[in-house]
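First the structure, in the form of structure tokens, and then the observations on it.
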Amino acid sequence: QRKGGEAFKKVEAGADRKVIRETEKFTAEAFEKAIELWREAGHDGRLIAGAEELTRLYSVLGEYERVVDRLTREADYWRDRGNIAVQTNTLYTLGIRQSQMKREAAAIETFERVVAMSRSARLRSLEPNVLTQLAFSYERVGRLKDAESAREAAKELWNVLYREHVPAPPTK
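According to this note's numbering, the sequence shown is numbered sequentially starting from 1.
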């Protein structure tokens, strides 16, 4: 972060924006190394956060294949460890990155897969978020009826989740 802050200050002072891009590349390389160290050390939280940040950087750098490769490998890692919840969340992140990088067909495919996985694993709190993202992607490719259907399903799920977690008002 320090290097990033220094790069932004240099650009504000008139330096070429390439300074920021070089800093992002340097940071991505550092995250690649750190992720493997966190994996070896068993720091799951840092591993998850590191993969998300690394793929955000790759997305900013326009490196689509590296985004897909990293998140697919991470999802496979979690699947192999039997952690379906983290695998599903990792694939959700992949769908978000695909959408951010204007790869809507791939994002739709990923989001649809994540919805199915969420349902089969009973990850009810994730499903409405995925359906909302799916609706945005459907909308971007002109599938307006599908977008409305996904949005409505998300709204219904949010209502169910809300009712389940909010206590009823006290009776007199």
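Just so it is clear, CB atoms sit at the ideal spot from N, CA and C, and this is done for glycine as well.
For the pair Phe-31 and Pro-170, the Cα-to-Cα distance works out to about 51 Å. Closest in C-alpha terms to Asp-76, from the list Gln-87, Tyr-64 and Leu-131, comes Gln-87.
In this structure, Asn-129 lies near Tyr-92, with their beta-carbon atoms less than 9 Å apart. Listed in chain order, the non-local C-beta contacts of Val-115 below 7 Å within the same chain comprise Glu-127, Val-130, Leu-131 and Leu-134, local neighbours out to five positions each way being set aside. Apart from sequence neighbours up to five positions away, no residue of its chain approaches Lys-25 with a beta-carbon distance below 6 Å.
Selection Gly-95, Arg-21, Asn-83 and Arg-46 evaluated against Gly-62 yields Arg-21 as nearest (Cα-Cα). The DSSP-derived three-state label of Glu-152 is helix. Separation of Asp-69 and Ile-108 (C-alpha to C-alpha, rounded to the nearest whole angstrom) is 18 Å. Nearest C-alpha to Ala-49 among Arg-66, Glu-65 and Asn-89: Asn-89.
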